[in-house]
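J.: Structure below; questions to follow.
Numbering (this note's numbering), first residue to last: 129 to 227.
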């Protein structure tokens, strides 16, 4: 069954090539979606594909972060399947004060 997950990883995840690492790991899986910075200490990943493939991809990202990265918190939730293709690094999403 196809699913899409939104994953937010908080910690020392910016300035350590986290997004590039996620994109490299994604290239080894049949997953589609994106990765981007959100605010100053969050990386957001949306990954879509077969449920077992998405789970394996996320586990691989967590098991192999780039040197210097620190993962303090992870939040994951199912979101609507978009049936997009490809996996890319998106532009940063900057948060307004209080968000």
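All residues carry an ideal CB built from backbone N, CA and C; glycine is no exception. Keep in mind the model is a prediction, meaning the values are calculated, not measured.
Taking buried to mean at least 16 other C-beta atoms within 10 Å of its own C-beta, is residue 212 buried or exposed?
T.: Taking the first residue of the chain shown as position 1, residue 212 is located at position 84. It is exposed - the Cβ of residue 212 has fewer than 16 other Cβ atoms within 10 Å.
J.: Spatial neighbours of residue 207 within its chain, please: C-beta separation below 8 Å, excluding the five flanking residues on both sides.
T.: Locating residue 207 in the chain shown gives position 79, counting from the first residue. Same-chain partners within the cutoff: 132, 133, 134 and 174.
J.: Taking the CB atoms as reference points, tell me whether residue 140 and residue 197 lie closer together than 9 Å.
T.: Working through the chain shown from its first residue, we reach residue 140 at position 12. Working through the chain shown from its first residue, we reach residue 197 at position 69. Contact flag set, yes.
J.: On the DSSP bridge assignment, give the partners of residue 204 in chain order.
T.: One-based indexing of the chain shown puts residue 204 at position 76. According to DSSP, which records beta bridges pairwise, residue 204 is partnered with 135.
J.: Look up residue 145 in the DSSP assignment and say whether it is helix, strand or coil.
T.: Along the chain shown, read from residue 1 onward, the residue named residue 145 stands at position 17. Residue state, collapsed to three classes: coil.
J.: So what does DSSP say about residue 198, is it helix, strand or coil?
T.: The residue you call residue 198 lines up with position 70 of the chain shown. Residue state, collapsed to three classes: strand.
J.: Along the beta strand (DSSP E) that carries residue 172, what are the first and last residues, could you check?
T.: Position 44 of the chain shown, counted from the first residue, corresponds to residue 172. It spans 170-178 - the beta strand (DSSP E) in which residue 172 sits, taken as one unbroken run.
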